[in-house]
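Residues 4 to 401 (the working numbering) are what the sequence shown spells out, left to right.
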Amino acid sequence: MGADKSICDLIKNYKPGYSLEQNFYKNPELYERELEKIFFQNWFLAGHTSQIQNAGDYFLLDFANESIIITRNKEGKVKAHLNVCRHRGSRICLEKNGNAKSFTCPYHAWSYDLDGNLIAARIMADDFEKSENGLHKVHVELVGGLIFISLAEKPLSLNAMKDDLKDVFKQFGFDNMKLAMQKSYPVKSNWKLAVENYQECYHCAPSHKDFAKIHAMAQSPEKFNRQKEALRENPPSIVRTKASSFYFDLAIPGEEGYQYDRNPLLPGKLSGSKDGKPVAPLLGDLKKYDGAASEFLVGPVTFFLIYDDHMIGYRFLPTTIDDCICDLFWFVRADAVEGKDYNQGDLSWLWHVTILDDEEIIVNNQKGVNSKYYKPGRLSEMEHFPQHFLNWYLQAIS
Ligand code: FES
Ligand SMILES: [Fe+2]
4 MGADKSICDL IKNYKPGYSL EQNFYKNPEL YERELEKIFF QNWFLAGHTS
54 QIQNAGDYFL LDFANESIII TRNKEGKVKA HLNVCRHRGS RICLEKNGNA
104 KSFTCPYHAW SYDLDGNLIA ARIMADDFEK SENGLHKVHV ELVGGLIFIS
154 LAEKPLSLNA MKDDLKDVFK QFGFDNMKLA MQKSYPVKSN WKLAVENYQE
204 CYHCAPSHKD FAKIHAMAQS PEKFNRQKEA LRENPPSIVR TKASSFYFDL
254 AIPGEEGYQY DRNPLLPGKL SGSKDGKPVA PLLGDLKKYD GAASEFLVGP
304 VTFFLIYDDH MIGYRFLPTT IDDCICDLFW FVRADAVEGK DYNQGDLSWL
354 WHVTILDDEE IIVNNQKGVN SKYYKPGRLS EMEHFPQHFL NWYLQAIS
């Protein structure tokens with residue numbers, strides 16, 4: 004009761020236009036509530052179908068106390084189940100990825116098929132029903148080859164997003180990509196500081212020297228908006244420039260939040276690389292570079308940046324109240340060949356150095372927020388995205 008009241012007070016006392024109070028990052032009951040109301044409700048990216056091409060291929064997705072097995076069943080469908088044995092709860096799958104005909108628990112050897120059905124349980128009483136002891140199912144939806152999961156009993160709909168952005172998915176060939184590379188970056192901060200940081204480019208000019216050489220967004224809003232207008236008025240290619248702004252507190256009721264927008268790179272830059280030159284074959288239906296990149300957001304912790312020749316996925320998940328993991332995914336055309344059409348070093352350079360910058364500023368942010376002297380500070384007009392995130396967050400945990 005006491006904890007509930009202190010969380011209610013915290014929410015009630017939030018001053019719009021300011022950052023959050025320290026306690027939002029420190030209160031263990033609030034963290035439990037975030038898991039319940041956000042991470043066990045909303046959709047987030049699990050991975051890509053190219054990671055599980057054959058029946059029985061699987062990989063694990065771990066966050067907080069949870070572990071989820073994502074696999075392809077015999078019929079070729081993508082399935083997700085909690086990695087929690089229905090006997091006495093052991094982790095079943097211990098390898099991060101692999102191929103299995105079935106999943107056998109290492110403790111007492113209960114065995115589950117690729118659809119999560121319990122198929123063998125040794126020496127159990129006659130009245131034991133295998134059919135009632137299958138693995139807990141996790142909802143799966145595909146967007147092209149992207150695998151999204153939701154742990155909600157009744158998940159939000161993704162239909163509005165799928166319908167609205169059909170043209171975008173076609174232009175960029177979402178059905179025809181592969182995961183070229185994935186890297187995990189553990190960050191010693193509460194997950195919200197990492198997500199808040201991703202939402203604003205107020206920090207880009209001072210903190211991201213390399214990013215600022217490629218992306219127009221790091222400039223002043225006036226300069227950036229002029230270039231963005233020019234991109235809208237003279238679309239040099241087929242890529243959609245019309246924005247869809249249904250993110251965070253702007254989400255359609257019953258639908259998962261999403262956003263699409265297209266933003267200019269600096270003049271002469273074609274892709275998100277060290278020198279702004281292409282690093283992989285053009286995606287989808289694209290025939291030429293247009294000097295821009297698209298933002299695509301789904302739910303509260305999954306973000307994409309789509310260049311003409313590759314796509315970056317960003318996902319933030321909590322490990323504990325004080326730690327999170329930022330996973331970065333690099334996608335290229337499905338038929339691109341490593342070493343010939345792209346190489347991992349050039350492909351990942353810009354966002355590898357950018358996330359290392361981010362890690363440093365987020366950790367410093369957390370250290371300052373931990374101080375007894377920290378007080379919520381005023382947000383800039385360049386921080387309107389974090390404000391939408393905070394508005395949504397406060398509703399979500401209320
Ligand atoms: S806990 Fe899995 S078989 Fe006993
Ligand atoms: Fe950043």
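No residue lacks a Cβ here, since even glycine has one placed at the ideal position from N, Cα and C. What you are looking at is a predicted structure, and each value in this text was computed from that prediction instead of being measured.
Separation of residue j from residue i, as counted between CA atoms
i, j, result
"Asp264", "Leu300", "9 Å"
"Pro189", "Gly271", "34 Å"
"Lys245", "Asn120", "45 Å"
"Met4", "Ala58", "Bear in mind that the predicted position of Met4 carries a pLDDT of just 49, short of 50, making it too unreliable to give a figure here."
"Lys231", "Ser223", "12 Å"
"Ala123", "Phe66", "28 Å"
"Val282", "Glu24", "42 Å"
"Pro256", "Ala197", "26 Å"
"Val340", "Glu362", "31 Å"
"Lys212", "Leu268", "14 Å"
"Asn162", "Ser374", "44 Å"
"Asn237", "Leu168", "21 Å"
"Gly275", "His313", "8 Å"
"Glu258", "Asp130", "42 Å"
"Ile358", "Lys370", "18 Å"
"Val171", "Ala254", "19 Å"
"Thr107", "Ala128", "20 Å"
"Tyr157", "Phe332", "Looking at the sequence shown, residue 157 is not Tyr but Lys. The alpha-carbon atoms of Lys157 and Phe332 are separated by roughly 28 Å."
"Leu221", "Asn266", "The question names Leu, but residue 221 in the sequence shown is Ala. In a straight line, the C-alpha of Ala221 is about 11 Å away from that of Asn266."
Option nearest residue i by Cα separation, candidates the options
i, options, result
"Arg75", "Ser276, Val87 and Phe62", "Phe62"
"Phe307", "Asp360, Tyr292 and Tyr201", "Tyr201"
"Ala103", "Phe131, Ile55, Asn394 and Val87", "Ile55"
"Tyr310", "Ser401, Asp330 and Gly176", "Gly176"
"Ser134", "Tyr345, Gly20 and Trp113", "Trp113"
"Trp395", "Ser9, Asp7, Asp330 and Tyr17", "Tyr17"
"Glu39", "Asn237, Ala155 and Val304", "Ala155"
"Tyr115", "Val87, Lys99 and Leu289", "Val87"
"Ser160", "Thr107, Asn45 and Gln390", "Asn45"
"Val372", "Lys29, Pro19, Lys15 and Lys8", "Lys29"
"Gly92", "Gly79, Ser53, Met127 and Gly137", "Gly137"
"Leu350", "Pro109, Pro19, Ala183 and Asn26", "Ala183"
"Gly148", "Gly287, Leu353 and Tyr376", "Gly287"
"Tyr376", "Lys343, Arg89 and Asn26", "Asn26"
Presumed contact (8 Å Cβ cut-off) between residue i and residue j, rounded CB distance
i, j, result
"Gly260", "Gly302", "6 Å"
"Lys291", "Ser240", "6 Å"
"Tyr250", "Glu386", "Not a contact, Cβ separation roughly 14 Å."
"Val146", "Leu85", "Actually they are not in contact, since the Cβ atoms of Val146 and Leu85 sit about 22 Å apart, beyond 8 Å."
"Ile150", "Ile217", "So it is not a contact: roughly 29 Å between Cβ atoms."
"Leu117", "Lys82", "7 Å"
"Ser187", "Asp330", "5 Å"
"Ala337", "Met180", "6 Å"
"Gln174", "Leu289", "7 Å"
"Phe47", "Thr323", "With a Cβ gap of about 18 Å, Phe47 and Thr323 do not count as contacting."
Residue i CB to nearest heavy atom of ligand 2 below 7 Å
i, result
"His139", "no"
"His313", "no"
"Thr357", "yes"
"Cys2", "Residue 2 lies beyond the stretch modelled for the chain, which goes from 4 to 401, so this question has no answer here."
"Asn68", "no"
"His211", "yes"
"Asn200", "yes"
"Asp330", "no"
"Asp360", "yes"
Residue i: CB within 7 Å of a non-hydrogen atom of ligand 3
i, result
"Asn102", "Among the ligands present in this structure, namely ligand 1 and ligand 2, ligand 3 is not found."
Proximity test, Cβ basis, 8 Å: residue i and chain D
i, result
"Ile364", "Here there is only one protein chain, and chain D is not present."
Under 5 Å, CB to nearest heavy atom of ligand 1: contacting residues: Cys88, His90, Arg91, Ser93, Cys108, Tyr110, His111 and Trp113
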